[in-house]
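Going down the list, the protein sequences come from chains A and B. Mapping to the working numbering: the first sequence position 36 is 67, numbers consecutive. Mapping to the working numbering: the second sequence position 385 is 681, numbers consecutive. Think of the CB as a built atom: it goes at the ideal place given N, C-alpha and C, for glycine as much as any other residue. These notes concern the structure reproduced below.
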Amino acid sequence: MTTTQTLSRAELLKQLRTTHAESVKRAQELLKEQKKMQQELCAVFREKARTVPEAAESTGIPANKVLWFVAAMKKYGVVVEAGMCGDYPLYKKAEEEA
Amino acid sequence: MDNLHMDALVVGGGIAGMQSALDLADQGFQVALVEREASIGGRMITLSKVFPTLDCCSCITTPKMSAVTHHPNIHLFTYCEVQSVQEHGAGFDISILQKPRYVDVSKCTGCRDCEYECPITVPNPFDRNLGAYRAIRVPFSTAVPQKAVLDPEYCLWCGKCEQRCPVDAIDFSQQPETFNIEANSIIMATGFDLTPIETKKEYGGGKLHNVIDPLMMERFLAPTGPYGRVLRPGDGKEPGSIAYVQCAGSRDDTLGITYCSRVCCMYAIKQAMLLNGALPLADITIYYMDIRTFGKGYEQFYQNAKAMGVEFVRGKVANINEDADHNPIVKVEMTDTGEIVERTHDLVVLSQGIVPASRPTVSLPLGSDGFISVPSPDSAPCVTKRPGIFVTGTAASPMDIVDSIVSASAAAAEASAYIRENNGRLEVQKEALYV
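So, in structure tokens, the structure goes:
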């Protein structure tokens, strides 16, 4: 990619951010919230394997939201299942690459 | 793009639309298949198994998806919407909107690097929003075409996907484009939706996390489901007690849906049997008014479910509340004794009714039930009131997969006869118009 192309693409992205200002604002707020929740959840799952209700209790995030994030994090390899505790699966942070 | 001339246009790339397109294409007709989503497959590709054979849905659907995309006579247009349909002699002029994918499909290899790079996680409608994907993603693992699509509603336009893409396929300059297709006939295969869960206030109105719709349960039972196992969405518990509430949106005057949705009894029985396999210790109860097992092998399937220990309770569920642990409490009037009973379950599935999916603007008379009207349902069940336009699958009425496939082939046969009958006339008109 040439410098001119890079510049024009940067301009295009800037233009798109302006055109979609409203949805970008919504997405930015969502991303901020997601980052905060994911950091909190990663911290509790790094500590030890936990069930969804345990993670919800530790973080104060509603259990249904925790499950949604766990499903997302599991899909993208951030957390893994670590057995069962009664009727609940346990989740822990996936091994991080060195 | 120049006007395209086709023998037939099929609207909707679900099982019925794909079957119609394949049948016509195999006869040598040129077929355009238009799908509004980024992949074909429709509802069926989201399901776990079919009744009564318990064959894998993906195993039936994916070969058809592949056949559609590789057929030399089928021109596939995904992520497109029909904007308008104008009569043109015995044929039609159809205006189609191509929504921007922001991805050059000729370059994209479906590697999903962009998806892994995207920072924002969004609800995934393929998993009934219980799972997640990213603002840019390949819609699902067996999507056809296996190409990424960017959702502008969630995109931050940060450019990370573009930097990561190994083949330079991200194209932020794409715009919506309109093009025209001239087709001699149209087959409407626009599918179904469920009655909105919010409309049944007495069953929680969609506010109880552990009261779900049947398509959610299909995703839990599918190997590619959001949790990889059956868990209740409220707190991730493996349910030990699951209940089905039948006719939760069909045969219901209060919703104005007085018809039977035909498939709910069978899919509830099928899911109960699959749950019996996935969770052998779970108690499964089906609350029903009456069980309708009309198809070949269906009654035996019902008897098998009873023999496997699924409990069938004849009663009408009055309401559903929840206890402090978010366990749904079902209040049911037992039909045979008149007794009112309250039972607590871990998870409740509402067998919601089937309503027509939103359709493109094609001026077609509808029946009182909202489905596309068919003047002679007994003798010509796919022929609409508008010559040259045919209907198939659940766009016509609630029906199961077997009947949808039969209906799709019937619609293709009707369209084929119409095209042959009018072909000479259309050719003459085309010459008159374009000479």
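Residue i: buried (16+ other C-beta within 10 angstroms of its C-beta) or exposed?
i	result
residue 603 of chain B	exposed
residue 321 of chain B	buried
residue 355 of chain B	exposed
residue 564 of chain B	buried
residue 636 of chain B	exposed
residue 586 of chain B	exposed
residue 590 of chain B	exposed
residue 457 of chain B	buried
residue 82 of chain A	buried
residue 374 of chain B	buried
residue 114 of chain A	exposed
residue 570 of chain B	buried
residue 469 of chain B	exposed
residue 596 of chain B	exposed
residue 70 of chain A	exposed
residue 335 of chain B	buried
residue 652 of chain B	buried
residue 619 of chain B	exposed
residue 641 of chain B	buried
residue 505 of chain B	buried
Could you tell me the distance, in whole angstroms, from the CA atom of residue i to the CA atom of residue j?
i	j	result
residue 685 of chain B	residue 484 of chain B	7 angstroms
residue 507 of chain B	residue 609 of chain B	18 angstroms
residue 491 of chain B	residue 352 of chain B	26 angstroms
residue 559 of chain B	residue 497 of chain B	23 angstroms
residue 643 of chain B	residue 540 of chain B	9 angstroms
residue 369 of chain B	residue 323 of chain B	9 angstroms
residue 729 of chain B	residue 340 of chain B	Interpretation of residue 729 of chain B is limited by its pLDDT of 49, a score under 50 that renders its predicted location unreliable; the figure taken from the coordinates is listed afterwards. Cα to Cα, the separation comes out at about 41 angstroms.
residue 387 of chain B	residue 658 of chain B	14 angstroms
residue 384 of chain B	residue 480 of chain B	9 angstroms
residue 364 of chain B	residue 502 of chain B	37 angstroms
residue 348 of chain B	residue 593 of chain B	7 angstroms
residue 439 of chain B	residue 460 of chain B	21 angstroms
residue 719 of chain B	residue 581 of chain B	56 angstroms
residue 711 of chain B	residue 520 of chain B	36 angstroms
residue 118 of chain A	residue 495 of chain B	32 angstroms
residue 534 of chain B	residue 299 of chain B	54 angstroms
residue 127 of chain A	residue 67 of chain A	19 angstroms
residue 666 of chain B	residue 454 of chain B	43 angstroms
residue 105 of chain A	residue 123 of chain A	10 angstroms
Of all the options the options, which has the alpha carbon lying nearest to the alpha carbon of residue i?
i	options	result
residue 598 of chain B	B:561, B:628, B:449	B:561
residue 48 of chain A	B:379, B:587, B:555, B:448	B:448
residue 692 of chain B	B:716, B:713, B:523, B:654	B:654
residue 615 of chain B	B:627, B:573, B:349, B:641	B:627
residue 344 of chain B	B:595, B:524, B:663	B:524
residue 403 of chain B	B:457, B:371, B:439, B:462	B:462
residue 380 of chain B	B:676, B:305, B:493	B:305
residue 663 of chain B	B:656, B:674, B:680, B:675	B:680
residue 424 of chain B	B:394, B:518, B:689, B:459	B:518
residue 43 of chain A	B:512, B:711, B:536, B:398	B:398
Assuming residue i and residue j form a contact by the criterion Cβ under 8 angstroms, report the distance between their Cβ atoms to the nearest whole angstrom.
i	j	result
residue 488 of chain B	residue 694 of chain B	7 angstroms
residue 327 of chain B	residue 361 of chain B	Actually they are not in contact, since the Cβ atoms of residue 327 of chain B and residue 361 of chain B sit about 15 angstroms apart, beyond 8 angstroms.
residue 546 of chain B	residue 474 of chain B	Actually they are not in contact, since the Cβ atoms of residue 546 of chain B and residue 474 of chain B sit about 38 angstroms apart, beyond 8 angstroms.
residue 416 of chain B	residue 430 of chain B	6 angstroms
residue 95 of chain A	residue 677 of chain B	Not confirmed; about 43 angstroms, so no contact.
residue 109 of chain A	residue 125 of chain A	6 angstroms
residue 688 of chain B	residue 709 of chain B	In fact, because the Cβ distance is near 11 angstroms, the residues do not count as touching under 8 angstroms.
Kindly say whether residue i, judged by its beta-carbon, lies nearer than 7 angstroms to any beta-carbon of chain B.
i	result
residue 48 of chain A	yes
residue 54 of chain A	yes
residue 103 of chain A	yes
residue 65 of chain A	yes
residue 98 of chain A	yes
residue 86 of chain A	no
residue 74 of chain A	no
residue 43 of chain A	yes
residue 62 of chain A	yes
residue 125 of chain A	no
residue 110 of chain A	no
residue 94 of chain A	yes
residue 113 of chain A	no
residue 58 of chain A	yes
Could you tell me whether any Cβ in chain A is nearer than 7 angstroms to the Cβ of residue i?
i	result
residue 501 of chain B	no
residue 729 of chain B	Only weak support is given to the placement of residue 729 of chain B: the predicted model assigns it a pLDDT of 49, under 50, and the value that follows is read from those uncertain coordinates. Closer than 7 angstroms: no.
residue 275 of chain B	What is shown of chain B runs 297 to 731, which leaves residue 275 of chain B out entirely.
residue 532 of chain B	yes
residue 636 of chain B	no
residue 449 of chain B	yes
residue 398 of chain B	no
residue 580 of chain B	no
Is the closest heavy atom of the ligand SAM to the C-beta of residue i under 6 angstroms?
i	result
residue 338 of chain B	Here there are no bound small molecules, and the ligand SAM is not part of this structure.
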